[in-house]
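**Student:** This is the structure, below, for whatever I ask next.
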């Protein structure tokens, strides 16, 4: 098999002068990324705990996967992940479109403000988590202080209460990533054709009517791309949860990513963690393929 | 072209803009002021927004610790290593994808895009085990290698769309004059695509500088990066928000500089990832 593989490679080299500019990266990815993924699949079929002094690896077949479907935390974290992704993406799409419309004029002032709005998404998510953790702090945080002024009972702070911890964590995501959607929508708005607007204006349509009947339908592809992009990214959330709630209180903010991290990299139950990681991998891959298909279809 | 907005509409728009600006900038302002406050003031109720005793005590305290410089040094080494490796591997690959006529090479772009979207934790677990078997945990190498997977994949995607917009004629002229494809790439295409390379580099700088999860698992006490240094200011005996804020400021410097002064390139990187097919 290796021989045929080598032959294919040689053939590619001869046929395409560009192939060998691509080859180093391809080789790198196979060694550093694809091989570990196969390794991960192998490990997921074993009972392998790093905490075990003998480091024994016992073959258990699909038992880790069966365990995943019976693990109540998996179900809870899956549900939390879906709530988190659906909530943050919806709010970010709406606010992002609003921001884009608000700051779309090409004035010096709007450009100036826009450059400041870029800052949140460039910040380390860990730092963002810590800033909000201090803002949310029940004893001295700014947010509970003003909520108390309004006469609301904040209890153990927004991050400490079962009912508010998830929305509080989601707000952090909204804060950090809405500007990205603003940027994407601004690019979308800028690429809209002018003619339909001129025609509509001649026909006497108001600004509001052109927005509803022209801008929104014309922006549909951009909307779809932004939706899928943020959905895929939102599945990756880890740092802010680590910094703020560590999955608590109880398990209300334990997302799938965080659960995998806990199982694998704090309990060192590697076989089971790999099985969970592979399940997440399949889910995200399917989503990503949908995203890629939509994006390529748009080009045709 | 439309009739002028009424005063009421204008006021509403201005209020909405101010609210948006406040929402997005207050947390950053809060971080900056916390770094300048005495411990007692950062806990003050009611909160002090504008008038408080400013001090550089937190800065001098943090800078007096030799560990601070170690964190900064480690972050710089890992970020520059990742950026260098990602560009060396990613830029030629992006060029190949943009210019090749072969399906296999062209479509590999989507493979890299897919790679970009994989959940980092799924990659980290097996990578951690492999690095552990090779006794490479705690080396700069391990972190640079893993960061480069994601960053190089982005560079390819970005550079592919950039090279596609670079006109072919000059390269063709070079080829007619007897240059090889490689020297046409180095001498003609590369100089024309410097802005794209800058945009890719900024993106890799931000992402490897901000990385936390990989650094959490793959560093040892001597190779810890700034984000881990920030957490360390918590685990000591007293929780010092002031010191945490100072460390955080080191962590956000690249992000702020790039957003404010190089935003043209940064925006290009963000939209290339999302909208160009």
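Protein chains in written order, with our numbering: chain E, 9 to 308; chain W, 3 to 279.
Where is the CB? At the ideal position from N, CA and C, for every residue including glycine.
All values reported here derive from a predicted model rather than from experimental measurement.
Quick one, which residues of the segment 53 to 64 of chain W are near chain E if we go by CB-CB under 8 Å, in chain order?
**Tutor:** none
**Student:** Do residue 311 (chain E) and residue 22 (chain W) have their CB atoms nearer than 8 Å?
**Tutor:** Lying outside 9 to 308, the shown extent of chain E, residue 311 (chain E) is not represented and no answer is given.
**Student:** Please confirm if residue 210 (chain W) has its CB atom under 8 Å from at least one CB of chain E.
**Tutor:** Chain E contact via Cβ: absent.
**Student:** Helix, strand or coil for residue 39 (chain W) per DSSP?
**Tutor:** strand
**Student:** Rounded to the nearest angstrom, what separates residue 250 (chain E) and residue 57 (chain E) at their Cα positions?
**Tutor:** The straight-line gap from Cα to Cα measures roughly 23 Å.
**Student:** Please classify residue 34 (chain E): is it buried, with 16 or more other beta-carbons within 10 angstroms of its beta-carbon, or exposed?
**Tutor:** Around the CB of residue 34 (chain E), 16 or more other CB atoms lie within 10 Å, so the residue is classed as buried.
**Student:** Determine the chain W residues that contact residue 139 (chain E) at a beta-carbon separation under 9 Å, and present them in chain order.
**Tutor:** 29, 30, 32, 33, 36, 247, 250
**Student:** Are the C-beta of residue 143 (chain W) and some C-beta of chain E separated by less than 8 Å?
**Tutor:** no
**Student:** Tell me which residues of the segment 243 to 270 of chain E have at least one Cβ-Cβ distance to chain W shorter than 7 Å, keeping chain order.
**Tutor:** 243, 244, 246, 247, 265, 268, 269
**Student:** Distance check for residue 33 (chain W) and residue 247 (chain W), CA to CA, integer angstroms please.
**Tutor:** Going by the C-alpha atoms only, they are around 6 Å apart.
**Student:** Which of helix, strand or coil does DSSP assign to residue 211 (chain E)?
**Tutor:** coil
**Student:** Based on Cα-Cα distance, which residue from E:45, E:297, E:162 lies nearest to residue 233 (chain E)?
**Tutor:** E:297
**Student:** If you measure from the beta carbon of residue 73 (chain W) to each beta carbon in chain E, is any gap under 8 Å?
**Tutor:** The beta carbon of residue 73 (chain W) does not come within 8 Å of any beta carbon belonging to chain E, so the residue lies off that interface.
**Student:** Within 8 Å of any Cβ in chain E, is that where the Cβ of residue 271 (chain W) sits?
**Tutor:** no
**Student:** So what's residue 277 (chain E) in DSSP terms, helix, strand or just coil?
**Tutor:** In the structure shown, residue 277 (chain E) sits in a strand (DSSP, three-state: E or B).
**Student:** Alpha carbon to alpha carbon, what distance is there between residue 301 (chain E) and residue 124 (chain E)?
**Tutor:** 34 Å
**Student:** Please list, in chain order, the chain E residues whose beta carbon lies closer than 7 Å to that of residue 265 (chain W).
**Tutor:** 123, 126
**Student:** Compute the beta-carbon to beta-carbon distance between residue 188 (chain E) and residue 227 (chain E), rounded to the nearest angstrom, for a pair I have assumed lies under 8 Å.
**Tutor:** A Cβ-Cβ separation of about 16 Å leaves residue 188 (chain E) out of contact with residue 227 (chain E) under the 8 Å criterion.
**Student:** Consult DSSP for residue 24 (chain E) and reduce its assignment to one of helix, strand or coil.
**Tutor:** coil
**Student:** Only counting runs of 4 or more residues, tell me where the alpha helix (DSSP H) segments fall wholly within the segment 75 to 150 of chain E, in order along the chain.
**Tutor:** 80 to 110, 116 to 125, 127 to 130, 133 to 144, all fully within the segment 75 to 150 of chain E.
**Student:** Measuring straight from C-alpha to C-alpha, what distance separates residue 279 (chain W) and residue 273 (chain W)?
**Tutor:** Its pLDDT being 42, under 50, residue 279 (chain W) is placed unreliably by the model, and the measurement read from it follows with that caveat. Spanning the two alpha carbons is a distance of roughly 11 Å.
**Student:** Chain E partners of residue 92 (chain W), CB-CB under 7 Å?
**Tutor:** Annotation: Cβ neighbours of residue 92 (chain W) in chain E (cutoff 7 Å, chain order): 33.
**Student:** Just by C-beta distance, which residues in the segment 173 to 185 of chain E are closer than 8 Å to chain W?
**Tutor:** 183
**Student:** Do residue 26 (chain E) and residue 101 (chain W) count as a contact pair if the criterion is CB distance below 8 Å?
**Tutor:** yes
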